[in-house]
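Asker: Sending over a structure as structure tokens; questions will come in a sec.
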Amino acid sequence: MKFGILLTVFLFLTMISCKSNKAADFKKSLDQYERKAFDIVLGKEGSGERKLKCLEKEDYKGALMAVDQQAEEFNMLIADIQKLSADGISKAEPLKTASLEYYQSLKELHVFDRKEIEQQALLQTLKGNELNNAHNNLIALARQKKKLYNLVYEKEALLHTAAESFNTANGL
Numbered sequence: 021m022k023f024g025i026l027l028t029v030f031l032f033l034t035m036i037s038c039k040s041n042k043a044a045d046f047k048k049s050l051d052q053y054e055r056k057a058f059d060i061v062l063g064k065e066g067s068g069e070r071k072l073k074c075l076e077k078e079d080y081k082g083a084l085m086a087v088d089q090q091a092e093e094f095n096m097l098i099a100d101i102q103k104l105s106a107d108g109i110s111k112a113e114p115l116k117t118a119s120l121e122y123y124q125s126l127k128e129l130h131v132f133d134r135k136e137i138e139q140q141a142l143l144q145t146l147k148g149n150e151l152n153n154a155h156n157n158l159i160a161l162a163r164q165k166k167k168l169y170n171l172v173y174e175k176e177a178l179l180h181t182a183a184e185s186f187n188t189a190n191g192l
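For the sequence shown, counting from 1, position 150 maps to 170 in my numbering; every step adds exactly one.
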């Protein structure tokens with residue numbers, strides 16, 4: 021009788037520890053993706069840094085190539101998160117969804133730079149009324165970008181809430 025109880029307790033503890041290990045591994049993977057996103061946007065040798073260096077030199081072609089590279093890097097990051105298994109992990113699916121939405125909005129924000137860079141390049145070639153219109157277009161783009169920033173902030177708040185729920189549900 022005691023052996024049966026001990027065996028049941030042992031199996032129960034083993035199942036619980038496996039579940040938390042899966043949750044910890046899931047969280048660790050998301051943390052690694054967060055680091056990759058940081059490197060894409062702000063990394064010392066990342067495409068975001070290359071974009072800024074090109075803009076400092078007024079190398080609009082190089083800046084546009086860096087934006088394309090950022091888009092591709094975000095696409096790979098998003099694809100990797102989509103492949104991440106949330107099976108059998110409490111609150112993992114909402115966290116995965118929130119992560120995907122956050123990184124998609126972050127990608128849209130940084131790829132939006134393409135429009136601003138193209139407009140800045142155009143400004144170099146215009147004069148008179150055309151130049152004034154192009155400046156007005158640049159201001160309109162800044163307003164649109166502000167909306168994208170707001171969307172990123174909203175998605176980040178949802179991600180934070182999902183991460184807290186995940187951590188609580190999994191004892192992390």
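Think of the CB as a built atom: it goes at the ideal place given N, C-alpha and C, for glycine as much as any other residue.
1) Among the candidates Ala154, Leu178, Lys166, Glu54, whose CA atom is the shortest distance from the CA of Ile101?
2) Do Tyr80 and Ile159 come within 8 Å of each other at the CB atom, strictly closer than that value?
3) Just mark Leu27 as buried or exposed, buried being the case when its beta carbon has 16 or more other beta carbons within 10 Å.
4) Could you have a look at Gly63 and say whether DSSP puts it in helix, strand or coil?
5) So Phe94 is in the alpha helix (DSSP H); what residue range does that whole segment cover?
6) Specify, as a first and last residue, the run of the alpha helix (DSSP H) that Gly191 falls within.
7) My guess is that Ala189 and Ser110 are in contact by the Cβ rule of under 8 Å, so how many angstroms apart are they, rounded?
8) From what residue to what residue does the alpha helix (DSSP H) around Gln139 run?
9) Give every residue of the same chain whose Cβ lies closer than 8 Å to the Cβ of Ile98, excluding the five residues on either side of it in the sequence, and list them in chain order.
10) Excluding five sequence neighbours on each side, which residues of the same chain lie with their C-beta closer than 6 Å to the C-beta of Asp133?
11) If you compare alpha carbons, which of Ala83, Ala162, Leu143, Leu161 is closest to Ala154?
Answerer: According to the structure shown:
1) Glu54
2) no
3) The predicted model places Leu27 with a pLDDT of 49, which falls under 50 and marks its position as unreliable; any figure quoted below should be read in that light. Leu27 comes out exposed.
4) coil
5) 80-103
6) Looking at the DSSP string, Gly191 is not in any alpha helix (DSSP H), and its letter there is neither H nor E.
7) 4 Å
8) 133-143
9) Leu120, Tyr123, Gln124, Lys127
10) Closer than 6 Å at the Cβ level, and outside the excluded window around Asp133, lie Val87.
11) For Ala154, the closest alpha carbon among the candidates Ala83, Ala162, Leu143, Leu161 is that of Leu143.
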